[in-house]
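Structure first, commentary second.
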Amino acid sequence: MNWLEPVVLVAHLIIAAAVCGFVLMQHGKGADMGAAFGSGSSGSLFGAAGSANFLSRTTAVLATIFFLTSIGLTVFGTLHGKPQGLMEQGVMEKTVPAPKASDVPGQPATTPGEVPGAPATGTAPAPGGTSKPGEVPR
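First residue of the sequence shown: 2, per the numbering used here; consecutive thereafter.
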């Protein structure tokens with residue numbers, strides 16, 4: 002089973018390059034307008050109408066194989082079990098939690114979203130007089 006994963010990976014990469022090539026060889030939607038005025042694809046490699054069917058079907062088959070190899074690589078990745086080496090822990094498990102404001106001596110506790118050292122919300126009077134709760138200052 003160890004030899005199957007690299008084989009699927011190499012096939013996946015080759016199929017990905019082939020899908021890119023076949024997509025680039027296809028005519029766009031705007032190419033049909035030129036064919037209506039005489040500069041069509043009559044001299045193309047696959048004939049006047051044969052290239053669309055051949056290229057689109059080949060692209061569809063390659064895309065299906067690409068999806069299947071993607072699923073296969075996902076299965077291989079999950080079957081390995083516990084990751085080894087550098088990936089034993091994720092980034093979030095390695096971080097040290099920041100100290101809370103209540104844990105720092107000499108600092109008053111703040112509520113979430115409040116800036117330490119800033120006046121509490123709603124305590125500053127509105128310029129030119131007092132304001133009621135919910136009123137927009139002018």
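We treat Cβ as the ideally placed atom computed from N, Cα and C, and that holds for glycine.
Everything numeric in this text was worked out from a predicted model, so none of it was measured.
- prompt: When you compare only the Cα positions, how much space is there between V97 and T79?
  reply: 28 Å
L63, buried or exposed, once every other Cβ within 10 Å from all chains shown has been counted against 16: buried
Where E6 falls: helix, strand or coil (DSSP): helix
- prompt: Does DSSP classify G78 as helix, strand or coil?
  reply: helix
field: Local conformation of T60 per DSSP, three classes
entry: helix
field: Inter-residue spacing [alpha-carbon to alpha-carbon] between T70 and A19
entry: 14 Å
As assigned by DSSP and simplified to three states, the class of V137: coil
Cβ neighbours of I66 in the same chain (closer than 6 Å, five flanking residues each side left out): I16
- request: Could you pull out every residue in the same chain whose Cβ sits closer than 7 Å to the Cβ of L74, ignoring the five residues on either side in sequence?
  value: V9, L10 and H13
- request: Report the option in E6, L5 and N54 whose CA atom is closest to the CA atom of H28.
  value: N54
- request: Have a look at V137 and H81 and give me their C-alpha separation to the nearest angstrom.
  value: 59 Å
- prompt: Can you tell which of S57, L5 and E6 has its C-alpha closest to the C-alpha of C21?
  reply: S57
message: Short of 8 Å in beta carbon distance, which residues of its chain neighbour V76, apart from the five on each side in sequence? Order them along the chain.
response: none
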